[in-house]
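The listed protein sequences correspond, in order, to chains D and A.
Residue 1 is where the first sequence starts when you use our numbering, and the numbers rise one by one after that.
Residue 1 is where the second sequence starts when you use our numbering, and the numbers rise one by one after that.
Heads up, the beta-carbon is just placed ideally off N, CA and C, and yes, glycines get one too.
So the structure is just underneath, and the comments pick up after that.
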Amino acid sequence: MTTSDTVIEVAGLTKRYRETLAVDDVSFAIEKDKIYGLLGRNGAGKTTVMSILTAQNFETSGELRVFGEHPYENARVLRRMCFVRESQKYPDDALPKHAFATARLFFPRWDQEFAERLIDDFQLPSNKRIKKLSRGQLSAVGVIIGLAARAEITFFDEPYLGLDAVARQIFYDRLLEDYTAHPRTVILSSHLIDEVSNLIEHVIVLDRGRVIMDDETDAVRDRAANIVGDTAAVEAFAVGREVIHRESLGRVSAVTVLGTLTDADHRELALAGLDVGPVSLQQLIVRTTQHAAADAATDEGALR
Amino acid sequence: MNRTLNVIRMQLINRQTYIWIPLIILAGSFVLSLLVYSMIPGDVPKYGGGSQAPLWYFLAVGVQALTLTFPFSQAMSVTRREFYLGTLLTAGVTSLVLTVVIVAGGLVELATNGWGVNGWFFYLPWIWESGPLGAAFFYLVIAMLFFISGFWSATIYKRFGATWLTVVLIGLGAILVGIAWLIGRLDAWAEVWTGLVTLGSVGFAVWGVVVAVVLGAIAYLTLRRTIP
């Protein structure tokens, strides 16, 4: 798995709080200059993993390497990373321009012109204290720092809270444009899976502190299909396949089946007059997560 | 090193905390003291402890240096060590500014014989017994001690929570009471007071440096595993 392009390696990473296991034996690798989606429900461990990778938090056990070194108290490694979190705190007296001027001091690849353009794009008032900004404007401060820092690895943890649809689109557009011009590694954690699904090349899904999916986005999309049509025909096709979701309305049913469809499958579907549709990334992840949860529940049931 | 110096600029975003409020406290307590002095009849020398007020405030500055700026420093990918050293340097620089203001005020007092009303706000004989430089050293050390105490308390709070902070503070109080008990038990209060007087303000400040170094090291160890 490890190649010369690997910038982050994590093996058996575990974070235990007194009662709970926030991160449970997580292993993955992040490659250079790709955009990753770190997805999962609230409390799945996304923020904890990102905090540990940026040495803001500490692992209980396990191995981690960023640019080949442990990031803790390691300025050489840390200065190449930028972590924008949803609930970032700023100095009390700080205006947005103070925050940006400080970021300029610490991020070697900071682009001031780009920052100014983003301030315009997000219509951020620069002479109002950060404390007094609206939720969306506060998010914009973080987003601007994350983008203009051009750090070699940038983490965005739910960066869009309070941003309206237009502002979110500006974020996605600028991220993609600037990524194309200045490739770097981006790790984006988000609830709005379908909104970011065109952006991310690789998906890592966490559920209850464990990795339940780690694959290229395209491969993930191929993993399942939606079959729609006459209930009897749909059920006949579904026999012997793993169905992760089922819906029916009158005589029409839709099932989501796991597994890539073969040519024979496609012929069978055409003969039966069934429609095949792609599964949205969001649907697939929601279904898989529910599925994993159900499995976990049965496991626990069996143990008792 | 550059990044450590940049932490000073990050801390000084809070200009109000570091510069304006200490100066306002000093000016405010100065004006109030002069008003009080002018109301006291007779030409006996009038001493007040008002110039200590901004020194006490450095306790709060220490608290704010951690609570307001540490989380932001982490977002700026600054190591805890860089943050701590830069923050101590900031405290050193601002303490020095305050010290210079206080000592300059004391020199004016000496020149004007207590602002013409024989009232002494900056100049206190015990602190100034070794001259203005001795007094400056004393004020600088006391300000840093207050700062480090505030910073350490805030770090304990951030890392272990309010309960442990209370436990530590009560524990320190218990140790002080224990020492007082021991001195009383040994019937040594007289020796202790004479010792303090012969030690003088500079000797006292030298011990202050020792305490500051120990406390500073403990504060750093506490910060090393603190999560923003």
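Checklist entry - Would DSSP call glutamine 290 of chain D helix, strand or coil? => result As a position in the first sequence, residue 290 of chain D is number 290, starting the count at 1. Helix at glutamine 290 of chain D.
Checklist entry - Name the residues in the region 38-70 of chain A whose C-beta lies less than 7 Å from a C-beta of chain D; which are they? => result Leu68 and Thr69
Checklist entry - When DSSP labels each residue in this structure, what does threonine 99 of chain A get in the three-state scheme? => result Indexing the second sequence from 1 puts residue 99 of chain A at position 99. Of the three classes helix, strand and coil, the one that applies to threonine 99 of chain A here is helix, per DSSP.
Checklist entry - Which residues bound the alpha helix (DSSP H) around serine 73 of chain A? => result Numbered from its first residue, the second sequence carries residue 73 of chain A at position 73. It spans 70-75 - the alpha helix (DSSP H) in which serine 73 of chain A sits, taken as one unbroken run.
Checklist entry - glutamate 82 of chain A to alanine 65 of chain A, Cα distance in whole Å? => result In the second sequence, residue 82 of chain A corresponds to position 82, counting from 1. In the second sequence, residue 65 of chain A corresponds to position 65, counting from 1. In a straight line, the C-alpha of glutamate 82 of chain A is about 14 Å away from that of alanine 65 of chain A.
Checklist entry - Which bits of chain A does aspartate 157 of chain D rub up against, with CB to CB less than 8 Å? => result Position 157 of the first sequence, counting from 1, holds the residue named residue 157 of chain D. Simply none; closest approach about 11 Å.
Item to check | Nearest-angstrom Cα separation, counted from valine 100 of chain A out to isoleucine 183 of chain A | outcome: Along the second sequence, one-based indexing puts residue 183 of chain A at 183. Along the second sequence, one-based indexing puts residue 100 of chain A at 100. Near 37 Å, if we compare the C-alpha coordinates of valine 100 of chain A and isoleucine 183 of chain A.
Item to check | C-beta neighbour in chain A for glutamine 88 of chain D, strict 7 Å | outcome: As a first step, residue 88 of chain D must be located in the first sequence, where it is residue number 88. Chain A, which has a Cβ nearer than 7 Å to the Cβ of glutamine 88 of chain D, makes this yes.
Checklist entry - Residues of chain D with CB under 9 Å from asparagine 113 of chain A, in chain order? => result The sequence position of residue 113 of chain A within the second sequence is 113, counting from 1. Those within 9 Å of asparagine 113 of chain A in chain D number zero; the least Cβ separation is about 40 Å.
Next on the checklist: So, with DSSP's three-state summary, where would you put methionine 234 of chain D?
Outcome noted: Along the first sequence, read from residue 1 onward, the residue named residue 234 of chain D stands at position 234. Checking the displayed sequence, the identity of residue 234 of chain D turns out to be valine instead of methionine. Three-state DSSP puts valine 234 of chain D in a helix.
Next on the checklist: Pop quiz: glycine 40 of chain D and aspartate 207 of chain D are said to be a contact at Cβ under 8 Å. What is the actual Cβ separation, rounded to whole angstroms?
Outcome noted: The sequence position of residue 40 of chain D within the first sequence is 40, counting from 1. The sequence position of residue 207 of chain D within the first sequence is 207, counting from 1. That belief holds up - the Cβ atoms of glycine 40 of chain D and aspartate 207 of chain D are roughly 6 Å apart, short of 8 Å.
Next on the checklist: Between the alpha carbons of leucine 145 of chain A and tryptophan 120 of chain A, how many angstroms are there, rounded?
Outcome noted: As a first step, residue 145 of chain A must be located in the second sequence, where it is residue number 145. As a first step, residue 120 of chain A must be located in the second sequence, where it is residue number 120. Rounded to the nearest angstrom, the two C-alpha atoms are 24 Å apart.
Item to check | CB contact below 7 Å: arginine 65 of chain D versus chain A | outcome: As a first step, residue 65 of chain D must be located in the first sequence, where it is residue number 65. Not an interface residue.
Next on the checklist: Does the region 95-114 of chain A come into contact with the region 45-56 of chain A, if we say contact requires no fewer than three beta-carbon pairs (one atom in each stretch) closer than 8 Å?
Outcome noted: With the rule of 3 Cβ pairs closer than 8 Å, the region 95-114 of chain A counts as touching the region 45-56 of chain A.
Checklist entry - Which residues, in order along the region 74-89 of chain A, keep a beta-carbon less than 7 Å from a beta-carbon of chain D? => result Cβ proximity to chain D below 7 Å picks out Gln74, Ala75, Met76, Ser77, Val78, Thr79, Arg80, Arg81 and Glu82 from the region 74-89 of chain A.
Checklist entry - Under a CB-based cut-off of 7 Å, is tyrosine 220 of chain A close to chain D? => result Here residue 220 of chain A corresponds to residue number 220 of the second sequence, with the count starting at 1. Not one chain D Cβ lies under 7 Å of tyrosine 220 of chain A.
Checklist entry - Can you list, in chain order, the residues of its chain whose CB lies under 7 Å from that of threonine 60 of chain D, leaving out five sequence neighbours each side? => result In the first sequence, the residue the question calls residue 60 of chain D occupies position 60. Taken in chain order, the residues that qualify are Thr14, Lys15 and Arg16.
Item to check | Proximity of valine 203 of chain D and threonine 180 of chain D at Cβ, strictly below 7 Å | outcome: Against the first sequence, residue 203 of chain D aligns to sequence position 203. Against the first sequence, residue 180 of chain D aligns to sequence position 180. For valine 203 of chain D and threonine 180 of chain D, no; Cβs fall outside 7 Å.
Next on the checklist: I'd like to know whether the C-beta of alanine 148 of chain D is nearer than 7 Å to at least one C-beta of chain A.
Outcome noted: For this step, residue 148 of chain D is matched to residue 148 along the first sequence. False, the Cβ-Cβ gap to chain A never drops below 7 Å.
Next on the checklist: Give me the chain A residues within the contact set of glutamine 56 of chain D, using Cβ-Cβ distance strictly less than 7 Å, ordered along the chain.
Outcome noted: Along the first sequence, one-based indexing puts residue 56 of chain D at 56. Within 7 Å Cβ-Cβ: Gln74, Ile227 and Pro228.
Checklist entry - Leaving out five residues before and five after aspartate 25 of chain D in sequence, what residues of the same chain have Cβ atoms less than 6 Å from its Cβ? => result The count along the first sequence starts at 1 and reaches residue 25 of chain D at position 25. Excluding residues within five positions, the ones whose Cβ falls inside 6 Å are Gly12 and Thr14.
Checklist entry - In chain A, which residues lie less than 9 Å from alanine 115 of chain D when you measure between Cβ atoms? => result Taking the first residue of the first sequence as position 1, residue 115 of chain D is located at position 115. Ordered by position in chain A, no residue passes the 9 Å Cβ test against alanine 115 of chain D, which lies about 14 Å from the chain.
Checklist entry - Any idea if alanine 103 of chain D is buried or exposed, counting beta-carbon neighbours within 10 angstroms, 16 or more meaning buried? => result By one-based count along the first sequence, residue 103 of chain D stands at place 103. Under this definition alanine 103 of chain D is a buried residue.
Checklist entry - Does the distance from the C-beta atom of asparagine 226 of chain D to that of valine 279 of chain D stay below 7 Å? => result Start at 1 with the first residue of the first sequence, and residue 226 of chain D comes out as number 226. Start at 1 with the first residue of the first sequence, and residue 279 of chain D comes out as number 279. Cβ atoms of asparagine 226 of chain D and valine 279 of chain D: closer than 7 Å.
Item to check | Amino acids of chain D, ordered along the chain, whose beta-carbon sits closer than 7 Å to that of isoleucine 21 of chain A | outcome: Translated into the one-based positions of the second sequence, residue 21 of chain A becomes position 21. Near isoleucine 21 of chain A there are no residues of chain D at all, since even the closest Cβ is about 11 Å away, more than 7 Å.
Checklist entry - In terms of residues, what are the limits of the beta strand (DSSP E) holding glycine 277 of chain D? => result If you number the first sequence from 1, residue 277 of chain D lands on position 277. Looking at the DSSP string, the run of the beta strand (DSSP E) that includes glycine 277 of chain D is 275-278.
Next on the checklist: Can you give me the C-alpha to C-alpha distance between threonine 4 of chain A and valine 78 of chain A, rounded to a whole angstrom?
Outcome noted: Here residue 4 of chain A is taken as the residue at index 4 of the second sequence, counted from 1. Here residue 78 of chain A is taken as the residue at index 78 of the second sequence, counted from 1. So the alpha carbons of these two residues sit roughly 9 Å apart.
Checklist entry - Per DSSP, which one or two residues make a beta bridge with lysine 15 of chain D? => result To locate residue 15 of chain D, count along the first sequence from 1; it is residue 15. Looking at the DSSP assignment, lysine 15 of chain D forms a beta bridge with D/Val23.
Checklist entry - Could you give the distance in angstroms between the alpha-carbon of isoleucine 170 of chain A and the alpha-carbon of glutamate 201 of chain D? => result As a working note, residue 170 of chain A is residue 170 in the second sequence. As a working note, residue 201 of chain D is residue 201 in the first sequence. The straight-line gap from Cα to Cα measures roughly 55 Å.
Item to check | Complete runs of the alpha helix (DSSP H) confined to the region 187-228 of chain A [at least 4 residues] | outcome: 189-223
Checklist entry - Under 7 Å between the Cβ atoms of isoleucine 148 of chain A and alanine 219 of chain A? => result Here residue 148 of chain A refers to the residue found at position 148 of the second sequence. Here residue 219 of chain A refers to the residue found at position 219 of the second sequence. In this structure, alanine 219 of chain A lies closer than 7 Å to isoleucine 148 of chain A by Cβ.
Item to check | Cβ-based neighbour list, alanine 22 of chain D, same chain, cut-off 6 Å, excluding 5 preceding and 5 following | outcome: Residue 22 of chain D sits at position 22 when you count from the first residue of the first sequence. Answer for alanine 22 of chain D: Lys15, Gly45, Thr48 and Gly209, listed in chain order.
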